[in-house]
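Keeping their order, the protein sequence lines are chains A and B. Residues 2 to 553 in the numbering used here are what the first sequence spells out, letter by letter. Residues 6 to 274 in the numbering used here are what the second sequence spells out, letter by letter. The block underneath contains the structure these notes are about, expressed in structure tokens.
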Amino acid sequence: MKNINYRWQVAIVICGLLATHSTFAQVSYEQILNATEEPENWLTYNGGYSSQRHSLLNQITADNVDNLELKWVLQNQVFGAWQSNPIVVDGIMYVTERPNNVMAVDAITGRVFWKYRHTPVGDSTVCCGANNRGVAVLGDRVFIGTLDARLVALDRINGHPLWDVEVGDVDLAYSVTMAPLVIKDKVIVGVGGGEYGIRGYVVAYDVETGEEAWKTYTIPGPGEPNHDSWQGDDWEHGGASVWITGSFDPELNLTYWGIGNPGPDWNAGQRPGDNLYSDSVIALDADSGELKWYFQFTPNDGYDYDAVQVPVLADIVWRGTPSKVMMWANRNGYFYVLDRVTGKFLVGEPYVRVNWSSGLDENGRPIPTPQPEGMPTYPGNQGGTNWYPPSYSPRTGLFYFSAWNDYATIYRPEEAKYEPGRAFYGGGFSVLSPTPGAPTIGIGRTNPINNWTNEVGHASLKAMDPQTGEAVWSYDQFDVSDSGMLTTASDLLFTGGREGYFHAIDARSGDLLWKVNLGGQIVMAPVTYMVDGVQYVSVISGNGLSTFALRN
Amino acid sequence: MKCVKIISLSKRLLISVSRFTACVLLVLVCQPSFAQDDGDHQYSSAAIEAGSRVYVQNCALCHGPQGETVDGINLRRGLFRTATSDDDLRGVISQGAGEGQMPAFDLRQEEMEGVIAYIRAGFDPDGIAVKIGDPLRGRVLFEGEGNCVDCHRINGRGPRTAPDLSDIGAIRTPAVLQRSLLDPAAALLPINRPVRIVTRNEETIIGRRLNEDTYTVQVIDSEERLRSLIKTDIVTYEISDAPSKLPTTLSSDEVADVVGYLLTLRGLQ
């Protein structure tokens with residue numbers, strides 16, 4: 002009996018040690034703050050608050066990239082474009098699949114520890130598919146936004162829900178498709194629904210309780226500054242959604258968010274004014290949500306040029322002056338560099354053919370040149386680029402992103418009547434194509450055959466110099482690309498495209514170093530992490546999440 | 006690799022794409038010259054407009070506003086029980102059908118023309134309604150004077166160098182079929198553009214491009230072989246926007262007959 006008691010005592014002591022160990026598994030705010038210095042993990046959607054998607058890992062190099070081999074594949078069980086970005090913490094990957102499932106995956110084997118299923122209510126309304134772009138982590142929690150406009154906190158160890166709060170009214174077509182962003186003790190999301198006449202906002206919740214901490218509308222209400230950029234009651238259903246994760250500068254305590262299109266989408270004449278803060282970047286105080294500055298890329302937009310790109314932050318010497326800048330390849334076809342302290346415009350240059358505007362004035366405001374009815378507008382409705390995450394390498398000083406070249410749209414504005422929760426498009430559009438009946442480009446790719454995109458638009462990976470606003474080099478593809486970017490400290494650039502090729506490219510020269518055909522469209526950025534001294538690179542192609550490392 | 010692309014952008018037309026699906030609709034308003042060129046190959050927009058009123062007053066009660074409420078018939082999509090040509094439709098409308106289920110309608114000539122135009126335009130008042138002739142005469146023309154079988158294959162017979170037309174009536178609208186005959190350059194789809202490839206080992210390949218990506222291209226060559234080529238092995242790659250056929254010299258009635266025949270080609274049923 003004594004022996005047995007002794008054994009139990011030992012077991013209890015061991016349990017105590019394990020419990021202590023599990024507290025070590027907490028992800029602290031300080032870790033996220035310094036995420037880039039912890040490259041074995043991928044702790045936020047964009048790999049750190051400055052959203053550079055640049056990893057200090059350098060085990061995989063130009064010399065050995067040929068030795069990459071497939072280590073594992075996780076097959077998605079739910080079909081549709083898989084836009085999720087994995088988070089990796091201490092060898093465990095957290096990845097979402099449609100519609101709102103979360104999985105904890107062993108990052109070495111690809112085997113699943115747990116899976117949480119959230120079934121959105123049936124009347125969820127989303128414009129562009131049941132997309133979800135990933136989770137955020139803090140402490141022992143995982144956070145996911147849902148298609149029925151809820152935010153759910155899960156236990157990171159067992160996937161059990163801890164709280165579940167309403168972010169927006171699902172009957173009015175509010176939704177959450179973006180990965181949340183955790184700052185300090187708050188988890189922040191924005192709302193989708195820009196095609197359904199919502200009034201957008203960014204909203205922060207207490208990570209412990211789910212209680213709302215602040216909420217900042219992306220369309221100012223009566224009495225607020227810039228309310229007069231709208232007329233009548235247009236502001237009440239003017240869109241300005243927020244569907245891509247923002248960035249954060251801890252020194253300035255500012256969090257930056259890209260804002261979507263105004264509504265109705267294509268009938269700018271129906272909503273006179275600049276329609277602030279649609280198609281803008283807004284800088285908010287991270288503690289209060291107070292608006293500190295904004296910069297609008299496309300005033301009174303009739304082309305669906307959401308500014309839902311990732312705000313990429315860097316401290317660089319800009320034209321001789323040490324500067325805190327923000328780099329932004331916008332859907333409207335211009336590449337911008339802004340001063341992120343004040344929002345001041347520094348430089349803006351077109352990176353694809355642009356004919357909706359003849360240029361930018363000294364404040365970065367576009368000079369509009371609307372095309373005659375029936376004539377093509379460049380870039381087209383999906384934009385010169387879109388939501389796919391870019392990368393900035395502090396080593397090369399270059400900003401990398403996927404552009405769509407030679408892609409144009411003919412817009413057909415119509416008067417639209419706002420009806421709550423219903424589509425609020427304001428007309429339609431046509432993609433310019435060479436021949437009636439010819440196939441053209443849509444959202445995503447579902448066909449293994451492509452013999453036409455050279456005539457309607459194609460991808461061009463561009464390496465932009467923020468000093469000049471111009472591309473240093475480009476890498477073209479036959480199809481268009483919705484792939485994001487990843488750069489590493491060994492000057493590798495990993496990216497993909499709709500053709501399903503996963504590329505490793507020399508980040509300095511733009512030369513192709515390695516490629517593999519994964520067979521399905523890549524519509525998100527790769528991530529990299531390290532476990533037990535091995536660097537892995539993961540990318541989602543089609544319905545498979547493939548993870549590579551060097552051959553042993 | 007010398008990559009010569011001879012694509013003319015001047016012929017660009019519009020393809021309407023609904024924003025969230027890949028659903029493709031023709032937008033024809035942007036090609037006014039086309040409508041003029043077609044002359045008496047098609048019905049006028051005034052006839053289509055007038056036909057919509059005739060339809061609402063006489064037909065919609067049974068066939069429904071979208072033309073699909075009678076089993077086995079979808080007027081808007083051109084799916085009929087017995088009729089193929091415009092003459093067939095005139096016969097059904099003026100004499101009735103289905104052993105009395107559909108009564109005979111005594112329409113004035115302009116009303117008759119209008120309602121046929123409206124049906125042929127897919128119930129779209131802004132659409133184009135193509136005249137459709139007799140498929141039996143069309144087949145004779147297709148296999149004879151039209152020289153179509155020199156290149157096209159139907160139901161397992163004929164060469165594979167041009168597109169196989171076995172199901173062309175199911176996958177093309179009458180307007181597109183008519184345009185392919187009248188102005189093949191304007192109707193040429195990217196997949197049907199002739200390609201000419203010279204490889205590193207000096208082989209010249211003439212054919213049609215089936216598929217392409219950044220690094221490879223797949224073609225069917227003039228010997229009917231499926232070939233996959235790596236672009237780094239290619240020294241010349243030309244894609245022509247000139248079709249291998251000329252505009253037809255058939256009369257407008259004969260074109261209507263050929264279109265009528267092509268519409269009967271609906272693949273394996």
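Glycine included, every Cβ here is placed at the ideal spot set by N, Cα and C.
Item	Value
Let me see if you follow: with CB-CB separation under 9 Å, is A/Ala439 close to chain B or not?	yes
Determine the chain A residues that contact B/Ile196 at a beta-carbon separation under 9 Å, and present them in chain order.	Ala439, Pro440, Ile450, Asn452 and Trp453
By DSSP's criteria, B/Glu217 is part of a beta bridge. Which residues make up the other side?	B/Val222
What did DSSP end up calling A/Ala131 once you bin it into helix, strand or coil?	coil
Among B/Ser233, B/Tyr123, B/Gln62 and B/Gly105, which has the Cα closest to the Cα of B/Asp91?	B/Tyr123
Is DSSP giving A/Trp236 helix, strand or coil here?	helix
Under 8 Å by Cβ, that's how I've got A/Gly194 and A/Ser176 pegged, so tell me the actual separation to the nearest angstrom.	6 Å
Mind checking whether A/Ala26 and A/Asp141 have CB atoms under 9 Å apart?	yes
Hey, how far is the Cα of A/Leu58 from the Cα of A/Ala439?	45 Å
Determine which residues share a DSSP beta bridge with A/Met328 and list them.	A/Val313 and A/Val338
Between the Cα of A/Arg118 and the Cα atoms of A/Thr126, A/Leu148 and A/Arg112, which residue gives the shortest distance?	A/Leu148
Along the chain, where does the beta strand (DSSP E) that runs through A/Asn455 open and close?	Unbroken run through A/Asn455 is the alpha helix (DSSP H), Thr454 to Val457; no beta strand (DSSP E).
Report buried or exposed for A/Val113, applying the criterion of at least 16 other Cβ atoms within 10 angstroms of its Cβ.	exposed
Helix, strand or coil: which one does DSSP assign to B/Ser57?	helix
Of the choices A/Tyr218, A/Gln84 and A/Pro265, whose alpha-carbon is the least far from that of A/Asn544?	A/Gln84
Looking only at DSSP bridge pairs, what is A/Trp115 linked to?	A/Ala105
Hey, A/Gly240 and A/Ile199: beta-carbon distance below 9 Å or not?	yes
Residues of chain B with CB under 7 Å from A/Glu415, in chain order?	What A/Glu415 touches in chain B: nothing, since even the nearest Cβ is about 13 Å away.
Does the beta-carbon distance from A/Ile506 to A/Val524 come in below 9 Å?	no
What are the boundary residues of the beta strand (DSSP E) that includes A/Tyr401?	Leu399 to Asn406
Can you give the Cα-Cα distance for A/Leu562 and A/Pro121, rounded to whole angstroms?	Residue 562 of chain A lies beyond the residue range present for chain A, which begins at 2 and ends at 553; the question has no answer from this structure.
Assuming the contact rule is C-beta atoms closer than 8 Å, A/Leu462 and A/Tyr401 should be a hit. Round their C-beta distance to whole Å, please.	7 Å
Give me the Cβ distance between A/Ala150 and A/Val203, rounded to the nearest whole Å; I'm assuming they're in contact under 8 Å.	So it is not a contact: roughly 14 Å between Cβ atoms.
Under a Cβ-count criterion, where at least 16 other Cβ atoms within 10 Å of its own Cβ denotes burial, should A/Glu212 be classed as buried or exposed?	exposed
Does A/His55 come out as helix, strand or coil in the three-state DSSP assignment?	strand
Using 8 Å as the Cβ pair cut-off and three pairs as the minimum, do the region 232 to 240 of chain B and the region 128 to 143 of chain B touch?	no
Mind checking B/Lys136: buried by the 16 CB within 10 Å criterion, or exposed?	buried
Tell me which same chain residues have a C-beta within less than 6 Å of the C-beta of B/Ala55, skipping the five on either side of it?	Gly119
Spell out whether any CB of chain A is found under 9 Å from the CB atom of B/Leu186.	no
Using beta-carbon positions only, say whether A/Arg54 and A/Leu493 come within less than 9 Å of one another.	no
Select from A/Leu292, A/Pro263 and A/Glu39 the residue whose C-alpha is nearest the C-alpha of A/Asn254.	A/Leu292
Beta carbon of A/Trp474: closer than 8 Å to some heavy atom of the ligand SAH?	The ligand SAH is not among the ligands present in this structure, which contains no ligands whatsoever.
Buried or exposed, going by whether 16 or more other CB atoms sit within 10 Å of the CB of B/Arg144?	buried
Return the CA-CA distance between B/Ser99 and B/Leu112, expressed in angstroms with no decimal places.	7 Å
Look at the alpha carbon of A/Arg157 and the alpha carbon of A/Asn102, and state the distance between them as a whole number of angstroms.	14 Å
With a threshold of 8 Å, are at least 3 pairs of Cβ atoms found where one atom belongs to the region 379 to 386 of chain A and the other to the region 321 to 328 of chain A?	no
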